[in-house]
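Below is one structure, written out as structure tokens, with a few remarks after it.
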Amino acid sequence: MIQALVFYLFAAIAVAGGVMVISARNPVHAVLFLILTFFNAAGLFLLNGAEFLAMVLVVVYVGAVAVLFLFVVMLLDINYLKLREGFLQYLPTGGLIGLILLVELVMVYGGWKLSPEAPLSAVTRIPAASAMSNTDALGRLIYTHYIYLFQASGLILLVAMIGAILLTLRKREGVRKQSIYRQNSRTKASSVEIRKVQSGGGI
Amino acid sequence: MSEFPNLVPALPELFMAGSALVLLLVGVFAKKDLTAGLSALAVFVMIVACALVPAAGAGHAVTFSGLFVVDGFTVFTKLMVLVAAAFALAMSVNWLRKERAERFEYPVLVLLATVGMMMMISANNMISLYLGLELQSLSLYVLAAFQRDNAKASEAGLKYFVLGSLASGMLLYGASLVYGFAGSIGFDDLAHAFAHGAPIGVVVGVVFILTAMAFKISAVPFHMWTPDVYEGAPTPVTSFFAVAPKVAAFSLLVRLLIGPFGELVQQWQQVVIFVSIASMLIGSFAAINQKNIKRLMAYSSIGHVGYALMGLAAGDEAGIRGVLIYLSIYLFMNVGTFAVILSMRHKGRAMENINDLAGLSKTHPAMALWMMVFMFSMAGVPPLAGFWGKFYVFMAAIDKGLITLAIIGVLTSVVGAFYYLRIIKIMYFDETVEVLDRGVGAGLGVIMALNALLILAFSFVPMPLISTAGAAAAALFRG
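In order, the protein sequence lines correspond to chains U and L. First residue of the first sequence? That's 80 in my numbering, and the numbers climb one at a time after it. First residue of the second sequence? That's 2 in my numbering, and the numbers climb one at a time after it.
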């Protein structure tokens with residue numbers, strides 16, 4: 080009973096937050112609503128007993144991703160109202176295509192059948208909840224069972240990083256960089272020159 | 002569940018990924034530009050991988066909890082990919098130096114793209130398929146836009162990226178529909194699940210996956226990006242695009258359709274037949290009017306994909322053997338032709354128009370001779386190797402009763418012969434306008450001659466290739 084109430088509380092706030100993310104006029108408010116949605120989604124994970132995912136959601140998404148968004152929104156001066164101009168103009172065509180897609184989806188799912196073996200192959204990966212904690216279960220899946228995919232994703236991220244650097248990093252000529260080592264290693268002999276100046280002669 | 006996975010089948014991939022990381026580190030920490038040296042090392046890594054592939058892929062082995070598979074088929078296609086990538090990389094060094102576009106990331110990205118292709122070939126699960134595909138595509142997007150100060154190259158990279166992402170999205174959507182039916186995305190489980198037929202929703206999913214794969218092999222009607230990307234990308238990158246990714250995506254498509262979707266042959270066969278006919282038609286008719294040789298090669302590759310798909314449409318062992326023979330001959334013809342294109346320079350500037358080849362037979366007789374071999378072979382003139390490639394896919398299609406498909410194939414190859422022969426006519430019978438530079442690179446000449454001689458060897462002694470391809474196709478059907 081109490082669990083159902085909490086579920087509806089979290090779910091309702093998450094959905095409302097999600098709606099506010101796309102409808103808020105001020106992008107900073109949108110990001111703050113996004114954080115609210117993340118927190119409630121974490122609550123939903125907790126209700127399902129997935130405590131590790133809940134904590135990761137808060138730490139990674141709220142702590143890093145959303146804050147990064149916030150920085151981007153604040154640093155880039157993008158006029159979001161201008162971006163939305165012409166939205167109504169595309170509505171009829173977009174709406175029509177969306178409607179057709181919806182009808183097609185309904186037709187596809189109307190005739191949906193499960194393979195007789197589907198329930199069997201879907202549950203084999205999930206260990207019993209009492210057998211191990213879900214951190215343990217996730218770790219086994221990611222680092223043992225799916226190690227190949229984990230490493231492959233790592234390679235993909237590496238390529239993304241190389242690509243970003245290759246395509247955007249430019250070496251600028253004539254930039255004066257501060258080299259603290261060189262500053263500190265200056266001596267009196269290398270930086271001060273004493274000349275005898277004849278009176279009235281100049282250098 | 003917790004034992005250590007068997008790494009032996011994935012040895013070539015592990016070796017190449019590790020070497021790519023080492024080369025990257027060396028490149029980053031080196032004081033001066035090492036592009037040429039690193040490229041040579043990367044070619045060496047690929048040659049070593051060529052030696053590792055047959056050793057790692059002996060028999061049929063599945064590892065990494067069923068995500069990764071090797072058998073005779075993967076060995077054959079991986080060798081093709083490695084050879085194509087090694088040739089493309091070897092041809093790039095000279096060009097990069099001449100264009101002052103040397104960046105040490107280039108060989109690293111080619112190496113990582115090749116790893117992605119080999120992962121695609123060995124995929125035994127939708128996720129490993131997707132990750133291999135993304136590793137490959139992401140590296141290729143960056144390579145296409147590699148000359149970032151060139152507007153055309155940037156446009157090519159962006160276009161390729163946007164359309165490629167769309168294709169990946171379609172692949173994922175299709176895979177999710179298939180998962181919704183079967184409750185699994187392993188290829189072996191899928192083959193079981195489809196044994197008792199499939200509802201319409203799954204067929205929609207399969208069509209989505211086919212769409213994405215058709216995009217990757219640039220088959221009509223998902224070919225729109227090909228001419229622009231081929232034209233805009235730096236020429237050595239185009240020579241890489243034209244062969245290795247196509248072979249990898251083709252190999253993946255063959256494994257998907259024969260393995261997990263083998264029971265749905267009724268459903269996918271009509272799609273493949275349509276795509277094959279459309280590719281052959283567009284590939285031959287749209288190429289007629291091209292002035293730029295890179296665009297011409299783009300349409301030519303679309304046409305060749307159509308012919309190779311004909312073997313897949315047959316859907317049996319002989320058809321797949323035809324596909325493998327076709328692709329391996331396509332590899333050598335294309336590498337050779339791109340070696341010619343890369344050596345087209347006038348006063349140090351790279352030339353790209355077909356008319357720049359005018360009178361080549363008088364100024365560069367050897368180059369014109371090799372180009373003639375490639376063009377006759379591409380047109381499918383007997384007894385050259387290109388004819389054998391077409392012969393085996395046509396035979397497979399006719400044996401399966403796909404007579405209409407084969408007739409359209411023969412007719413379009415006559416149309417295609419027009420523009421291949423036009424290049425020969427321009428080289429041999431037109432007056433020289435601008436004399437192309439001499440001594441652009443001894444390496445390119447060697448690559449041209451090597452590929453032309455290999456084609457001639459296939460033409461007169463076709464049996465070794467045919468029997469190897471036959472064994473590879475048989476391994477796919479056994480597994």
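All C-beta atoms in this analysis are idealised placements derived from N, C-alpha and C, irrespective of residue type, glycine included. Quantities reported herein were computed from a predicted structural model and do not represent experimental measurements.
Can you name the start and end residues of the alpha helix (DSSP H) that residue i belongs to?
i: L/Thr36; result: Thr36 to Ala57
i: L/Met352; result: Run containing L/Met352: none; DSSP gives neither H nor E here.
i: U/Gln82; result: Ile81 to Ser102
i: L/Glu106; result: Glu106 to Ile122
i: L/Gln137; result: Met127 to Ala145
i: L/Lys247; result: Thr236 to Ile259
i: U/Tyr188; result: Leu170 to Gly189
i: U/Leu147; result: Val146 to Leu154
i: U/Glu130; result: Glu130 to Val135
i: L/Ser468; result: Met464 to Arg479
What is the DSSP secondary structure of residue i, counted as helix, strand or coil?
i: L/Gly187; result: strand
i: L/Phe69; result: strand
i: L/His347; result: strand
i: L/Ala279; result: helix
i: L/Ala359; result: coil
i: U/Asn119; result: helix
i: L/Asn151; result: coil
i: L/Asn95; result: helix
i: L/Asn293; result: strand
i: L/Lys32; result: coil
i: U/Ala109; result: helix
i: L/Lys160; result: helix
i: L/Ile321; result: helix
i: L/Pro13; result: helix
i: L/Ala1; result: Residue coverage of chain L in this structure runs from 2 to 480, which leaves residue 1 of chain L outside it and unanswerable.
i: L/Leu8; result: coil
i: L/Ala86; result: helix
i: U/Lys275; result: coil
i: L/Ala314; result: helix
i: L/Glu100; result: coil
i: L/Gly19; result: helix
i: L/Glu264; result: helix
Considering residue i, what are the terminal residues of the beta strand (DSSP E) in which it resides?
i: L/Val63; result: Ala62 to Thr64
Excluding the five sequence neighbours on either side, which residues of its own chain have a C-beta within less than 7 Å of the C-beta of residue i, listed in chain order?
i: L/Tyr308; result: Met281, Tyr327, Lys391, Val394 and Gly410
i: L/Ile48; result: Ala87
i: L/Val238; result: Leu144, Ala145 and Phe147
i: L/His197; result: none
i: U/Phe131; result: Asn213, Thr214 and Leu217
Quick one: what's got a C-beta closer than 8 Å to residue i's C-beta in the same chain, skipping five residues either side?
i: L/Ala154; result: Ala145, Ala146, Phe147, Gln148, Gly233, Ala234 and Pro235
i: L/Leu159; result: Ala146
i: L/Asn125; result: Val63, Gly67, Leu68, Phe69, Val70, Gly187, Phe188 and Asp189
i: L/Glu4; result: none
i: L/Glu156; result: Asp229 and Gly233
Take residue i and list the residues in its own chain whose beta-carbon comes closer than 6 Å to its own, dropping the five residues that flank it on each side.
i: L/Val91; result: A small correction: the amino acid at residue 91 of chain L is Ala; Val does not occupy that position in the sequence shown. Val44.
i: L/Met2; result: The predicted position of L/Met2 is uncertain, since its pLDDT is 44 and thus under 50; no value can be drawn from it.
i: L/Val266; result: Gly316
i: L/Ala299; result: Thr227, Pro228 and Tyr231
i: L/Phe105; result: Gly28, Leu35, Thr36 and Leu39
i: L/Tyr429; result: Ser362
i: L/Ala386; result: Ile330, Ser378, Ile456, Phe459 and Ser460
i: L/Met119; result: Glu14 and Lys79
i: U/Gly253; result: none
i: L/Ile425; result: Met373 and Met376
i: L/Phe242; result: none
i: L/Pro463; result: Trp389
At a cut-off of 7 Å, is residue i close to the ligand COA when judged by its beta-carbon and the heavy atoms of the ligand?
i: L/Pro55; result: As far as ligands go, the structure on display features none, and thus does not contain the ligand COA.
Output yes if chain B places a C-beta closer than 8 Å to the C-beta of residue i; else output no.
i: U/Ser209; result: In the structure shown, chain B cannot be found, because the protein chains are U and L.
What are the start and end residues of each continuous alpha helix (DSSP H) run of 4 or more residues lying completely inside the segment 191-269 of chain U, in chain order?
Counting only runs of 4 or more residues that sit fully inside the segment 191-269 of chain U, the alpha helix (DSSP H) segments are 197-202, 213-219, 226-247 and 259-263, in chain order.
Between the segment 240-257 of chain L and the segment 369-378 of chain L, do at least 3 Cβ pairs fall closer than 8 Å?
Note that the segment 240-257 of chain L does not touch the segment 369-378 of chain L; fewer than 3 beta-carbon pairs, one per stretch, sit closer than 8 Å.
Runs of 3 residues minimum, wholly inside the segment 370-451 of chain L: which ones carry the beta strand (DSSP E) assignment?
List check, beta strand (DSSP E) in window: nothing returned.
Considering only residues of the segment 194-231 of chain L, which uninterrupted beta strand (DSSP E) runs meet the minimum length of 3 residues and lie entirely inside it, listed in chain order?
If one requires a minimum length of 3 residues, no beta strand (DSSP E) run lies completely within the segment 194-231 of chain L.
Contact the segment 164-171 of chain L vs the segment 147-161 of chain U: 3+ CB pairs below 8 Å
Result no; under three Cβ-Cβ pairs closer than 8 Å.
At a cut of 8 Å, does the segment 397-411 of chain L reach the segment 51-61 of chain L through at least three beta carbon pairs?
Cβ pair count under 8 Å is below three, so no.
Is it the case that the segment 239-249 of chain U contacts the segment 137-144 of chain L, given that we only count it when at least three CB pairs across the two stretches are under 8 Å?
A contact exists between the segment 137-144 of chain L and the segment 239-249 of chain U.
Count the CB pairs spanning the segment 351-362 of chain L and the segment 458-478 of chain L that are closer than 8 Å, and state whether there are at least three.
Result no; under three Cβ-Cβ pairs closer than 8 Å.
Check whether the segment 199-207 of chain L touches the segment 172-187 of chain L, taking contact to mean three or more Cβ pairs, one atom from each stretch, closer than 8 Å.
A contact exists between the segment 199-207 of chain L and the segment 172-187 of chain L.
Within 8 Å, do at least three Cβ pairs link the segment 113-126 of chain U to the segment 138-146 of chain U?
Three or more Cβ pairs drawn from the segment 138-146 of chain U and the segment 113-126 of chain U lie within less than 8 Å of each other, which places the two stretches in contact.
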